[in-house]
Amino acid sequence: IVVADQHDEL
Amino acid sequence: MNVFRLIGDMSHLAAIIILLIKIWRSRSCSGISGKSQLLFTAVFTCRYLDLFTNFVSIYNTTMKIFFLASSYATIYLIFMKFKATYNRNHDTFRFELLIVVSVILALLINHEFSATEILWTFSIYLEAVAILPQLFMITKTGEAESITSHYLFALGSYRGLYILNWIYRYYVEGHLDWIAVLSGIVQTGLYCDFFYLYITRVMKGKNLTLPA
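Here the protein sequences line up with chains Y and Z, keeping their order. All residue numbers for the first sequence refer to this note's numbering, where the first residue is 1 and numbers rise by one. All residue numbers for the second sequence refer to this note's numbering, where the first residue is 11 and numbers rise by one.
Pasting the structure below:
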């Protein structure tokens, strides 16, 4: 499981 | 980008445009909670500060700028241009509480204790509950104009579609952001009653009135 390292969603 | 996220974003975009058109055409913000709109503006402002630090794509940047600009435009219409039509006396939800709780939660539960990350987390928690003043207002007056209910349906569908997007991303990309996922589930859950009324009444051509 990879936790989001950057927020690429709106 | 996958189809769920794209349709979700389009639904979000449609909601914002429907709201602006409703206010502009009727020259009135009657039935709209200024408090919910203030909260959404705070959400976009805190979340999209990364416009200056983090480039994702032209699409991402364009949408962020549009969401920010449209939310400030909505606030301007409600509190300045058409403020005489704002139903202040029905918009009585104590929204300060939502902000305080979201700040505390963001400080306690986040991916990383940094300013930008806490602002992002705060925006996610606040977005989950930002619609409550609007739903409270409808409960209080017992009805909503059909265009307001279309706005709410589009806005509620957006986070619901994002849940499908997160399921897709988990299985296909191994991507999981549990803060966004759990908040998104809460956010979508708050719309359940409304979705039921929308499907059983508005879609059949009736007005959205609450059962007495």
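Beta carbons are placed, not taken as given, at the ideal position from N, Cα and C, and that holds for glycine.
Residue of Z:S193, Z:V139, Z:A83, Z:V182 minimising C-alpha distance to Z:I26: The shortest Cα separation from Z:I26 among Z:S193, Z:V139, Z:A83, Z:V182 belongs to Z:A83.
Is the CB-CB distance between Z:L78 and Z:C39 below 8 angstroms? Z:L78 is not a Cβ neighbour of Z:C39, given a cutoff of 8 angstroms.
Cα separation between Z:V212 and Z:A125? Near 43 angstroms, if we compare the C-alpha coordinates of Z:A125 and Z:V212.
Can you tell which of Z:I33, Z:F103, Z:S133, Z:F123 has its C-alpha closest to the C-alpha of Z:Y96? Of Z:I33, Z:F103, Z:S133, Z:F123, the residue nearest in Cα terms is Z:I33.
Using alpha carbons as the reference points, say which of Z:M90, Z:G199, Z:Y69 lies closest to Z:R15. Per the Cα distances, Z:Y69.
Three or more beta-carbon pairs under 8 angstroms between the region 116-135 of chain Z and the region 150-158 of chain Z, yes or no? Short answer: they don't touch.
Within 8 angstroms of any Cβ in chain Y, is that where the Cβ of Z:M20 sits? Judged by the 8 angstroms Cβ criterion, Z:M20 is not in contact with chain Y.
Return the chain-ordered list of same chain residues with a C-beta closer than 6 angstroms to the C-beta of Z:E137, the five sequence neighbours on each side being excluded. For Z:E137, where only same-chain residues beyond five positions count, the Cβ hits under 6 angstroms are V53.
Contact set between Z:D60 and chain Y, taken where Cβ atoms lie within less than 8 angstroms: Residues of chain Y whose Cβ lies closer than 8 angstroms to the Cβ of Z:D60 are, in chain order, H7.
Cα-Cα separation, Z:A198 to Z:Y161: For the record, residue 198 of chain Z in the displayed sequence is Thr; it is not Ala. Rounded to whole angstroms, Z:T198 to Z:Y161 spans 15 angstroms at the Cα level.
Given a cut-off of 8 angstroms, decide if Z:I141 and Z:L165 are closer than it, judged by their beta-carbon atoms. Yes; because the gap between Cβ atoms is below 8 angstroms, this pair is in contact.
Rounded to a whole number of angstroms, what is the C-alpha to C-alpha distance between Z:T158 and Z:W176? Spanning the two alpha carbons is a distance of roughly 28 angstroms.
Z:T219 in three-state terms, based on DSSP: Correct three-state label for Z:T219: strand.
Assuming Z:L136 is part of the alpha helix (DSSP H), what are its boundary residues? Taken as a continuous stretch (DSSP letters only), the alpha helix (DSSP H) holding Z:L136 covers 125-139.
Buried or exposed by the 16-neighbour rule on C-beta atoms within 10 Å, applied to Z:I42: Sixteen is the threshold: when 16 or more other Cβ atoms of the shown chains lie within 10 Å of the Cβ of Z:I42, as they do, the residue is buried.
Close-in-space but distant-in-sequence residues of the same chain around Z:L115 (CB under 6 angstroms, 5 per side omitted): Listed in chain order, the non-local C-beta contacts of Z:L115 below 6 angstroms within the same chain comprise Y135, local neighbours out to five positions each way being set aside.
Limits of the alpha helix (DSSP H) - the one that Z:D19 falls within: Counting along the chain, Z:D19 sits inside the alpha helix (DSSP H) bounded by residues 13-36.
Length at least 4, wholly inside the region 99-126 of chain Z: the alpha helix (DSSP H) runs in chain order: Complete alpha helix (DSSP H) runs here, min 4: 105-118.
With 8 angstroms set as the bound, which would you pick, yes or no: does the beta-carbon of Z:N64 sit closer than that to a beta-carbon of chain Y? Z:N64 belongs to the set of residues whose beta carbon lies under 8 angstroms from a beta carbon in chain Y.
Other residues of its chain near Z:M73: CB distance less than 8 angstroms, five sequence neighbours each side excluded: Within the same chain, Z:M73 has close Cβ partners D19, L23.
Can you have a look at Y:I1 and say buried or exposed, based on whether 16 or more other CB atoms are within 10 angstroms of its CB? Legend: pLDDT at Y:I1 = 45, less than 50; position of this residue unreliable, no value from coordinates given.
Closer than 8 angstroms by beta-carbon distance: list the chain Y residues that pair up with Z:N70, in chain order. Within 8 angstroms of the CB of Z:N70, the CB atoms of chain Y belong to D8, L10, in sequence order along the chain.
Indicate the three-state DSSP secondary structure (helix, strand or coil) for Z:E153 in the structure shown. Three-state DSSP puts Z:E153 in a strand.
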